[in-house]
Amino acid sequence: MRISHFHFQTLKEDPADAEVVSHRLMLRAAMIRRLGAGIYNYMPLGLRVIRKVERIIREEMDRSGAIELLMPLVQPAELWMETGRWEKMGPELLRVKDRHGRDFAIQPTSEEVITDIARQELKSWRQLPKNFYHIQTKFRDERRPRFGVMRGREFTMKDAYSFDRDVAGAEKSYDNMFDCYCRIFDRLGLRYRSVAADTGAIGGSRSHEFQVIADTGEDAIVHCPQSDYAANMELAEAVALLSDRKPAAQPMTLTPTPGKSTCADVAALLGLPIQQTVKSIVLATDARDEKGAVAATRIWLLLLRGDHDLNEVKAGKLEGLDQGFRFATVQEIESHFGCKPGYLGPVAPVRPITVIADRTVARMSDFITGANQWDHHLCGVNWGRDLPEPDQVADIRNVVEGDPSPDGKGSLSIQRGIEVGHVFYLGTKYSEAMKASYLDENGKPALMEMGCYGIGVTRILGAAIEQGHDAKGIIWPAAIAPFEVVICPVGAAKSDLVKAEAEAIYQELIAAGIDVALDDRDERPGAMFADWELIGVPVRVTIGERSLKEGKLELLKRAGMAASTCERKDMLDAVRALL
Ligand code: ATP
Ligand code: MG
Numbered sequence: 033m034r035i036s037h038f039h040f041q042t043l044k045e046d047p048a049d050a051e052v053v054s055h056r057l058m059l060r061a062a063m064i065r066r067l068g069a070g071i072y073n074y075m076p077l078g079l080r081v082i083r084k085v086e087r088i089i090r091e092e093m094d095r096s097g098a099i100e101l102l103m104p105l106v107q108p109a110e111l112w113m114e115t116g117r118w119e120k121m122g123p124e125l126l127r128v129k130d131r132h133g134r135d136f137a138i139q140p141t142s143e144e145v146i147t148d149i150a151r152q153e154l155k156s157w158r159q160l161p162k163n164f165y166h167i168q169t170k171f172r173d174e175r176r177p178r179f180g181v182m183r184g185r186e187f188t189m190k191d192a193y194s195f196d197r198d199v200a201g202a203e204k205s206y207d208n209m210f211d212c213y214c215r216i217f218d219r220l221g222l223r224y225r226s227v228a229a230d231t232g233a234i235g236g237s238r239s240h241e242f243q244v245i246a247d248t249g250e251d252a253i254v255h256c257p258q259s260d261y262a263a264n265m266e267l268a269e270a271v272a273l274l275s276d277r278k279p280a281a282q283p284m285t286l287t288p289t290p291g292k293s294t295c296a297d298v299a300a301l302l303g304l305p306i307q308q309t310v311k312s313i314v315l316a317t318d319a320r321d322e323k324g325a326v327a328a329t330r331i332w333l334l335l336l337r338g339d340h341d342l343n344e345v346k347a348g349k350l351e352g353l354d355q356g357f358r359f360a361t362v363q364e365i366e367s368h369f370g371c372k373p374g375y376l377g378p379v380a381p382v383r384p385i386t387v388i389a390d391r392t393v394a395r396m397s398d399f400i401t402g403a404n405q406w407d408h409h410l411c412g413v414n415w416g417r418d419l420p421e422p423d424q425v426a427d428i429r430n431v432v433e434g435d436p437s438p439d440g441k442g443s444l445s446i447q448r449g450i451e452v453g454h455v456f457y458l459g460t461k462y463s464e465a466m467k468a469s470y471l472d473e474n475g476k477p478a479l480m481e482m483g484c485y486g487i488g489v490t491r492i493l494g495a496a497i498e499q500g501h502d503a504k505g506i507i508w509p510a511a512i513a514p515f516e517v518v519i520c521p522v523g524a525a526k527s528d529l530v531k532a533e534a535e536a537i538y539q540e541l542i543a544a545g546i547d548v549a550l551d552d553r554d555e556r557p558g559a560m561f562a563d564w565e566l567i568g569v570p571v572r573v574t575i576g577e578r579s580l581k582e583g584k585l586e587l588l589k590r591a592g593m594a595a596s597t598c599e600r601k602d603m604l605d606a607v608r609a610l611l
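For the sequence shown, position 182 matches number 214 in the numbering used here, and the numbering has no gaps at all.
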């Protein structure tokens, strides 16, 4: 690419509304321009990166045996009604009407449309398995679009859907996609981790997220360096931190703790470790009658050690909470505990509640909780003696750094990650709702077993930059950089030698199959270098008259900014060595 025939306009100043480094750098390096909240123009440099990402994904998907097709952006509402997602997706689904008043969805994903295709096209066991994919624009009206392309409203996703005869087949398809994803993220040049993820209502253990490791990631990912245990925070199992419950050693005492409503404050006031405190979280579930009106409300008290946090996903899987729960209102809390929030505890509530203790809390003795009395806590509380055993003991907390690994082989470490891909076993959720069946070997209809597999194409750009940048700008992995090499001639306007050599090197690199840019804008060297350092091209070849006369070229490797020189005749090998 001759840059005089290309277009980019880099920005010197940091844009005001960009919170994370990738968003700032993508704007400054002219990769994207904002059109509206969560909606971006992909500018020529950004598009080059997107196309490279797509190409790697396509090559590996094709190699895995998946088949590309393309499903429309605008999808009839009827299909979404068949699966109930027209309602369930809520405001995240963008809806439009045509001139006849018919409803359509702008696709946020394509399970409905692909299942509709499958039920029409795949009639016999002989046609299975199949895996269809497309790379298509998505729209999700995210509650909080932010971080540029990382959580956009319009974005590009690769989504694939597998169809199998049975569970064993679906598992094979899943494993095949898992391996394919590993190849894709390896080739993209990203540091990533695959982690087990929650499967929600579908159950089973077949869901993995591919997370790019970056301190700024929205997700917490958990892994054990001593074993291969890896899961996201929602799923990672928290074991009890005490091996057994010690016998009571203290009497229960009502202790004034004025103005100290948090476990940390109470522990500090009493000069005791926070690990001796127990915090109370009050939830409510509503039973509804046929008309949908609330018939009865049940109040739940969840107990966690003072330094632990509730994991709502885990809580939401417990019997009784699995149909949906909410946080109790202040009024409900007062009527059940006889006290306003801040000093709540499990001892002697005024009305019946269901008590769920976290595994660790169930093994604590002589602990401190709220006294259900304003400005007071109870110390020396013991299960069995001062209050009944909990109704249920369960894992309801987030793991913390250093927790024992649930596989018993070491301790857990927590990193931040950016979810760039997701593989998910769907079972017959969609095939059942949409009656997608095939005839098996005995001529009997059977539901297709499905899996779905997404990659956030545009999110990958943000994730790669969060992982690869320095004070000067972006450091792209060579595989997805907008150009692999940039040639910067210095003083070409005044030197025919420089001009001719720049052209010759440009042609040599093109002939070698290298994606090269020739910066023939005739910019000052400082401005030219700053642009390419910001844009993040992996290798720069600088051509100056003085070194040329000595038969030499200057090279710069963007990662680490390591400068070197090479003989003019060795240029190609030297450049290749740096890529
Ligand atoms: P998240 O938890 O981040 O909202 P999700 O579970 O909604 O993700 P999926 O439906 O599994 O995501 O979509 C597949 C992939 O699409 C994700 O792994 C992610 O890389 C990408 N993706 C999802 N939402 C967005 C978005 N708003 N902007 C950019 N990429 C997205
Ligand atoms: Mg989402």
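Cβ atoms here follow ideal geometry from the backbone N, Cα and C, with glycine treated the same way.
As the structure is a computational prediction, the values presented were derived from the model and not from experiment.
Q. For ARG172, is the beta carbon positioned less than 7 Å from some heavy atom of the ligand ATP?
A. Sequence index remark: in the sequence shown, residue 172 carries index 140 (1-based). ARG172 Cβ: within cutoff of the ligand ATP.
Q. At what residue ranges does the region 459–510 contain a whole run of the alpha helix (DSSP H), taking only runs of 4 or more?
A. Restricting attention to alpha helix (DSSP H) runs no shorter than 4 residues, the region 459–510 encloses them at 461–465, 489–499, ordered along the chain.
Q: Verify the contact flag: GLY180, CB atom, against every heavy atom of the ligand ATP, threshold strictly below 7 Å.
A: On the sequence shown, residue 180 is found 148 positions in, with the first residue counted as 1. No, Cβ of GLY180 sits at least 7 Å from all heavy atoms of the ligand ATP.
Q: Determine the burial state of HIS340: buried for a count of at least 16 other Cβ atoms within 10 Å of its Cβ, exposed for fewer.
A: Residue 340 sits at position 308 when you count from the first residue of the sequence shown. Answer is buried; the Cβ neighbour count reaches 16.
Q) Nearest-angstrom Cα distance between ILE88 and ILE216? A) Against the sequence shown, residue 88 aligns to sequence position 56. Against the sequence shown, residue 216 aligns to sequence position 184. Taking the straight line joining both Cα atoms gives about 6 Å.
Q: Check whether the Cβ of ARG491 lies closer than 7 Å to any heavy atom of the ligand ATP, and answer yes or no.
A: By one-based count along the sequence shown, residue 491 stands at place 459. Yes, the ligand ATP has a heavy atom inside 7 Å of this Cβ.
Q) Is any heavy atom of the ligand ATP found at a distance shorter than 7 Å from the C-beta of HIS37? A) Numbered from its first residue, the sequence shown carries residue 37 at position 5. Answer for HIS37: no, Cβ out of range of the ligand ATP.
Q: Consider the C-beta atom of HIS454 and the heavy atoms of the ligand ATP; say whether any pair is separated by less than 7 Å.
A: Numbered from 1 along the sequence shown, position 422 holds the residue referred to as residue 454. At least one heavy atom of the ligand ATP lies less than 7 Å from the C-beta of HIS454.
(Q) Applying the 10 Å Cβ sphere with the 16-neighbour rule, what's the burial state of THR361? (A) As a position in the sequence shown, residue 361 is number 329, starting the count at 1. Around the beta carbon of THR361, fewer than 16 other beta carbons lie within 10 angstroms, which makes this residue exposed.
Q) Are the Cβ atoms of ALA465 and ASP472 separated by less than 8 Å? A) Within the sequence shown, numbered from 1, the residue matching residue 465 stands at position 433. Within the sequence shown, numbered from 1, the residue matching residue 472 stands at position 440. Contact: no.
Q.
Checking 8 Å against the spacing of the C-beta atoms, do TYR206 and PHE164 come in under that value?
A. As a position in the sequence shown, residue 206 is number 174, starting the count at 1. As a position in the sequence shown, residue 164 is number 132, starting the count at 1. Cβ atoms of TYR206 and PHE164: not closer than 8 Å.
(Q) For ASP196, count the other beta carbons within 10 Å of its own beta carbon; 16 or more makes it buried, fewer makes it exposed. Which is it? (A) In the sequence shown, residue 196 corresponds to position 164, counting from 1. Taking every protein chain shown into account, the CB of ASP196 has 16 or more other CB atoms within 10 angstroms, so this residue is buried.
Q | ASP563 (DSSP reduced to helix, strand or coil) | A | As a working mapping, residue 563 is identified with position 531 in the sequence shown. DSSP, reduced to helix, strand and coil, places ASP563 within a helical segment of the structure shown.
Q) Is any heavy atom in the ligand ATP found nearer than 7 Å to the beta carbon of MET265? A) The residue you call residue 265 lines up with position 233 of the sequence shown. No, the Cβ of MET265 stays beyond 7 Å of every heavy atom of the ligand ATP.
Q) Taking the alpha-carbon positions, what's the ALA262 to TYR485 distance? A) Sequence index remark: in the sequence shown, residue 262 carries index 230 (1-based). Sequence index remark: in the sequence shown, residue 485 carries index 453 (1-based). Our two residues, ALA262 and TYR485, have alpha carbons roughly 19 Å apart in a direct line.
Q. Should GLU451 be counted as a contact of the ligand ATP given a C-beta to heavy atom distance under 7 Å?
A. Taking the sequence shown and counting its residues from 1, one reaches residue 451 at position 419. For GLU451, the Cβ falls inside the 7 Å cut-off from some heavy atom of the ligand ATP.
Q: Return helix, strand or coil for VAL199, following the three-state DSSP convention.
A: Translated into the one-based positions of the sequence shown, residue 199 becomes position 167. Reduced to three states, the DSSP call for VAL199 is helix.
**Q.** Coil, strand or helix - ASP135 by DSSP
**A.** Position 103 of the sequence shown, counted from the start, is the residue given in the question as residue 135. Secondary structure at ASP135: strand, using DSSP grouped into helix, strand and coil.
Q: Please indicate yes or no: does the CB of GLY486 lie closer than 7 Å to some heavy atom of the ligand COA?
A: In the structure shown, the ligand COA is absent; the only ligands present are the ligand ATP and the ligand MG.
Q) Who are THR309's beta bridge partners in DSSP? A) Taking the sequence shown and counting its residues from 1, the one referred to as residue 309 is at position 277. For THR309, which the question treats as bridged, DSSP gives the partners ILE400.
Q) The alpha helix (DSSP H) spanning TRP415 covers which residue range? A) Against the sequence shown, residue 415 aligns to sequence position 383. That residue, TRP415, is in no alpha helix (DSSP H); it is neither H nor E in DSSP.
Q: Give the single residue among ARG337, LEU342, CYS411 whose Cα lies nearest to the Cα of GLY303.
A: The count along the sequence shown starts at 1 and reaches residue 303 at position 271. Ranking the options by Cα distance to GLY303, first place goes to CYS411.
(Q) Taking the straight line between their C-alpha atoms, what separation do you get for SER463 and THR147? (A) On the sequence shown, residue 463 is found 431 positions in, with the first residue counted as 1. On the sequence shown, residue 147 is found 115 positions in, with the first residue counted as 1. Straight-line Cα distance between these residues: approximately 7 Å.
Q | Same chain, Cβ closer than 7 Å to THR289, neighbours up to 5 away in sequence not counted | A | Counted from its first residue, the sequence shown places residue 289 at position 257. Excluding positions up to five away in sequence, the list reads VAL298, LEU301, ASP407, HIS408, HIS409.
**Q.** Secondary structure, alpha helix (DSSP H): runs of 4+ residues fully inside the region 503–557
**A.** Fully enclosed alpha helix (DSSP H) runs of 4 or longer: 528–543.
Q. Are the region 340–353 and the region 421–431 touching, with three or more C-beta to C-beta distances below 8 Å?
A. Yes, since at least three Cβ pairs between the region 340–353 and the region 421–431 fall closer than 8 Å, the two stretches touch.
Q: Return the first residue and the last residue of the alpha helix (DSSP H) that SER628 is part of.
A: Summary: the structure shown does not reach residue 628, with the chain confined to residues 33 through 611, and so no result is reported for it.
Q: Taking only runs that begin and end inside the region 119–188, name each unbroken alpha helix (DSSP H) of 4 or more residues, in chain order.
A: Here the runs fully enclosed are 143–153.
Q | DSSP state of LEU334 mapped onto helix, strand, coil | A | Here residue 334 refers to the residue found at position 302 of the sequence shown. The answer is strand: DSSP assigns LEU334 an E or B state.
Q: Spatial neighbours of SER469 within its chain, please: CB distance less than 8 Å, with the 5 preceding and 5 following residues excluded, ordered by chain position.
A: On the sequence shown, position 437 is the one that residue 469 refers to. Cβ within range, chain order: ARG151, SER463, PRO477, ALA478, LEU479, MET480.
Q) With burial defined as no fewer than 16 other Cβ atoms inside 10 Å of the residue's Cβ, what is the status of ASN208: buried or exposed? A) Your numbering for residue 208 matches position 176 in the sequence shown. Answer is buried; the Cβ neighbour count reaches 16.
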